[in-house]
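For the record, the sequence lines run as chains A and B.
Residue 1 is where the first sequence starts when you use the numbering used here, and the numbers rise one by one after that.
Residue 248 is where the second sequence starts when you use the numbering used here, and the numbers rise one by one after that.
Ideal Cβ placement from N, Cα and C applies to all residues, glycine included.
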Amino acid sequence: MELELRRVQQIMGMPISLALRRGEEPLADEVFGWLRWVDATFSTYKSDSEISRLVRGELRPHHTHPLVREVLGQAAALVAPTKGYFDIHARGQLDPSGYVKGWAVQMASELLLARGSHDHCINAGGDIRAHGRNAEGRPWRIAVQDPQDPAEIRWIIETEDLAVATSGTYARGDHVIDPHTGQAALALSSVTVVGQDLALADAYATAALAMGTDARHWLSMLEGYDAALIDAGGGTWSSIGWPCEDE
Amino acid sequence: MRRVILTLVVTAAVLVLLLGYKTASLKSLPTVAIAPTSNSTSKAGTTKGTKTIDGAVVQTQFGPVQVRVTIKSGKLTEVVPLQLPSDRSRDQEIASYSVPILRSEALKAQSAQIDMVSGATYTSQGYIQSLQAALDQARGA
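If you want it as structure tokens, here you go:
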């Protein structure tokens, strides 16, 4: 097996794995530098981030970094198409974290492409953007995990150009809230959405999880994005264009 | 369905994870102090395409942990614990349960030739980290 460059760093509170071609160390540094900048700028855990200062009223929206305005604009534009289920104010206060991760990784992938790095795969805490081929010259193989039994893999996706985002509820504590009821969303165990843009795929997966039983219909209507889900009973469903068979 | 990873308790999650982390700040991991890992290849032995890599000794909340990884012709063929927590019965239980699983599941993942694992961050973080780290180690070593 031809060896590839693998790097992992803990950023935004999660491990971010990067697979590149050998010799692309400077690009890896650039990607991690970008992700650290995003964290410093958007983190709700860092009191000096622009988002924290915005929330405290110390920073006016029009004084924020242009990328902050862009991200908040993009996230706000998702409220209507997700029927209000994706809302960066769902917890009562601005928290764009659910959008920022996917966006940052998508931007990193586009940065790599612009630098001529055609073959790469980035995994940020389970949300993935893959492009090109792995070091063995084959399409990237991405496993979708079963949240109810992490020993199990439900699907394996082979791809040369795709974003894969998974949102889930878990025994350890539900982290998706139905913004319409304020209650934890429990009907679905996990939703995986694939498509071109990881920010959108991630937002759609989060929205679908909050939607619960109505998610299947909504997911099947998405343009350019396919989805598969595991419900609380362990049953699976996937949209017509879902790119693989059950494992 | 393919069984690829299993209930790796934090011990195993942390120990494999750390193999892949040389400079990461581990602030989100619970109560972990790490020994320097930069010499992880200094004890490496190489005989005709076979590489063994000893991870650094890692201090976890369960006790010190160290593993050895064997890679033959670019394939992860073995994960062996060199040091495991042993002072309390619960820890032994965790170690005896998680390490064989870690080993077999990492090897299965290798045979399934999976590059990356998609899952939700908050629940399966430990699982994803452990498998992902095993994959990182196998593919990038």
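Scanning chain B for C-beta atoms nearer than 8 Å to the C-beta of A/I230 yields nothing, as the closest lies near 11 Å away. Between the alpha carbons of A/K83 and A/R22 lies a distance of about 44 Å. Fewer than three pairs of CB atoms, one per stretch, sit closer than 8 Å, so the segment 52-72 of chain A makes no contact with the segment 154-167 of chain A. When A/S17, A/A203, A/D231, A/A90 are compared, the shortest CA-CA separation from A/R216 is found for A/D231. For A/R91, the secondary structure class from DSSP, reduced to helix, strand or coil, is coil. By alpha-carbon distance to A/S17, the top candidate from A/D214, A/D127, A/S238 is A/D127. In the displayed model, A/S109 falls within a helix according to three-state DSSP.
Taking a C-beta distance under 8 Å as the contact criterion, A/R129 and A/S97 do not qualify as a contact pair. For A/C121, the nearest CB of chain B lies under 8 Å from its own CB, placing it at the interface with that chain. With contacts defined by Cβ atoms closer than 8 Å, A/A201 and A/A163 form a contacting pair. Here the C-alpha atom of A/W140 lies approximately 42 Å from the C-alpha atom of A/L59. Ranking A/E223, A/A104, A/E24 by CA distance to the CA of A/A124 puts A/A104 first. As DSSP reads the structure, A/Q196 sits in no beta bridge.
Secondary structure in the segment 26-102 of chain A: the alpha helix (DSSP H) runs of 4 residues or longer, each lying completely within the stretch, are 50-55, 66-76 in chain order. Shown here for A/D95: same chain residues with a beta carbon closer than 7 Å to its own, the five before and five after excluded, namely T44, I88 in chain order. In the DSSP secondary-structure assignment, B/D362 is not bridged to any residue. Between A/P243 and A/S190, the C-beta gap is not smaller than 8 Å, which leaves the two residues out of contact.
The beta carbon of A/L72 is closer than 7 Å to those of P96 in its chain, skipping five residues each way along the sequence. Residues of the segment 98-120 of chain A that bring their beta carbon within less than 9 Å of a beta carbon in chain B comprise K101, in sequence order.
By the 16-neighbour rule on beta-carbons within 10 angstroms, A/I240 is exposed.
Taking a contact as a CB-CB distance under 8 Å, the pair A/I177 and A/A76 does not count as one, their CB atoms being some 18 Å apart.
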